[in-house]
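For reference, the structure discussed in these notes is given below.
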Amino acid sequence: MALHVIVGAGPVGTATARLLAERGDRVRVVTRRGTGPTHPTIERIAADAADADRLTALTEGAVALHNCANPAYHRWPLDWPPLAAALLTAAGRTGAVLATVGNLYGYGPVDAPMTEATPLASAGTKGQVRNRMWADALAAHRAGRARITEVRGSDYLGAGGTSLAMMVLPRMLAGQRVFLPVDWDAPHTWTYIPDVARTLVAAATDERAWGRAWHVPSPPAVSMRDLATRAAALVGAPAPRLTRMPYPVLWLGGLANPMARELRETAYQFRRPYVLDSTAATATLGVEATPLDRAVKETVAALRA
């Protein structure tokens, strides 16, 4: 039974832990409060993952160290650097592959589908934080100090997700009007959380994946309006009522709401087409995207439960 260490018990960390446990691996989930899914082969540990010595001790003997952490949105510039440094240090000391769950912020605004070769040109604070983490990890890999990989998905679908879709669907299913600063008809890629977990495990355990980033296999892009309409049809709910909020309203909301303030930086993602090309991971790692209707159906079932 191989040992995998997972830092973070959010939606992706939980999905990854369950996937590994169900296939017979030992799993150690590290969080500040010792939370995580329950399973006979999952060990839950309360620890500060930013403590490199403690994390190293917990990672000894592991084949992979999965970075599924997600600090509070507004604290990324403060919390990510020491945490990322500790993860990289622990991976280097133990020989475990550092497999990180990234995102697309590092690319910034784009005018074409994003591939793994798209320049990391973000001018935003959160994008630059992520790009520095990746640059440090890649430098360590190239210098032979660690083995690393990263998987990047678009906005999540699935139980526990906090993306725009997961803000819209509960309100829509409740028959409420949804008022957000988005282009409801712009094509957008949606990534299913179980697919993130499957890609992360595949990349961590396949040496062909090390030393580069991979996009999580995701279904063809559809607009938020199409996604909401599909969800309504699947459960027999009324057609969604979607209204575009003027951007100045979001800006003003950020004066009092930290989350709204942070959304200003990434608002471009929902005002224009935002499309992910994930063919490389499917071709090399053999991971196929979950069909969109199935992902939507399972997401709605989880919300209703």
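Using our numbering, the first residue of the sequence shown is number 52, and each one after it goes up by one. Beta carbons are placed, not taken as given, at the ideal position from N, Cα and C, and that holds for glycine.
Own chain, CB closer than 8 Å to residue i, minus 5 neighbours either side, in chain order
| i | result |
| --- | --- |
| T333 | P268, E339 and A340 |
| A331 | T166, E167, W265 and H266 |
| A260 | T200, A253, A254, T335 and L336 |
| G112 | L54 and T145 |
| P164 | V326, L327 and D328 |
| M52 | G75, D76, R77 and T92 |
| R283 | Going by the sequence as given, residue 283 is Ala instead of Arg. The residues are M223, L224, P289, A290 and P291. |
| A188 | A135, L139, L149, T151, A197, I199 and E201 |
Beta-carbon separation (whole angstroms), residue i vs residue j, contact threshold 8 Å
| i | j | result |
| --- | --- | --- |
| R183 | H192 | R183 to H192, Cβ: 15 Å. No contact. |
| R402 | V347 | With the chain covering only 52 through 356, there is no way to say anything about residue 402. |
| N121 | G204 | Incorrect: roughly 13 Å between the Cβ atoms, too far for contact. |
| R84 | A97 | 6 Å |
| R228 | T294 | 6 Å |
| L171 | G157 | 4 Å |
| L224 | A123 | About 27 Å separates the two Cβ atoms, so there is no contact after all. |
| L285 | Y243 | Not a contact, Cβ separation roughly 15 Å. |
| L31 | R69 | Outside the displayed range of the chain (52 to 356) lies residue 31, so it cannot be described from this structure. |
| L251 | H117 | 6 Å |
| A279 | L220 | 7 Å |
| A101 | A137 | 5 Å |
Residues near residue i in its chain [Cβ-Cβ closer than 6 Å; skip 5 each side]
| i | result |
| --- | --- |
| V148 | A115, R198 and A255 |
| P245 | A66 |
| G61 | N121 |
| T343 | A small fix is needed here, since residue 343 is Leu in this sequence, not Thr. Result list for L343: P270, in chain order. |
| A353 | A210 |
| R345 | none |
| P88 | T65, A68 and R69 |
| L306 | Bear in mind that a pLDDT of 43 at L306, under 50, signals an unreliable position, so the model cannot answer this. |
Simplified DSSP state of residue i, which is helix, strand or coil
| i | result |
| --- | --- |
| A68 | helix |
| L116 | strand |
| E111 | coil |
| T145 | helix |
| R263 | coil |
| A97 | strand |
| E73 | helix |
| R196 | coil |
| W302 | Legend: pLDDT at W302 = 45, less than 50; position of this residue unreliable, value from coordinates given subsequently. Helix at W302. |
| M165 | strand |
| L171 | coil |
| H239 | strand |
| R79 | strand |
| E201 | strand |
| H90 | coil |
| A283 | helix |
| T341 | coil |
Member of the options whose CA lies at the smallest distance from the CA of residue i
| i | options | result |
| --- | --- | --- |
| G195 | Y158, P289, D130 and G146 | G146 |
| P132 | H117, A186 and R69 | A186 |
| W241 | V326, A123, L70 and A174 | V326 |
| E73 | R249, A172 and A108 | R249 |
| V56 | R355, G226, T89 and R95 | R95 |
| P324 | H239, G287, M275 and V247 | H239 |
| V152 | C119, T140, D236 and L70 | C119 |
| G64 | R105, T140 and A210 | A210 |
| D257 | A237, K177, A150 and T89 | A150 |
| V351 | P271, D162, A216 and G61 | A216 |
| Q320 | A137, R345, A237 and F230 | A237 |
| D328 | F230, P271, R355 and P291 | P271 |
| T107 | T92, P88, L139 and G87 | L139 |
| E349 | G226, A188, P160 and G212 | G212 |
| D162 | G87, R322, M218 and R345 | R322 |
| A103 | G87, V81, D206 and P88 | V81 |
| V247 | G226, D206 and F230 | D206 |
Heavy atom of the ligand MG within 6 Å of residue i beta-carbon
| i | result |
| --- | --- |
| P270 | For the structure depicted, the ligand MG is absent and the ligand set is empty, with no information on it obtainable. |
Proximal residues to residue i (C-beta, below 7 Å), its chain only, five neighbours per side dropped
| i | result |
| --- | --- |
| V180 | W127, P128 and W131 |
| G143 | A191, R196 and A197 |
| W235 | S274, M275, R276, L293 and R295 |
| D99 | R83 and R105 |
| E316 | G175, T176 and K177 |
| S173 | Y156, G157, Y158, G159, Q179 and N182 |
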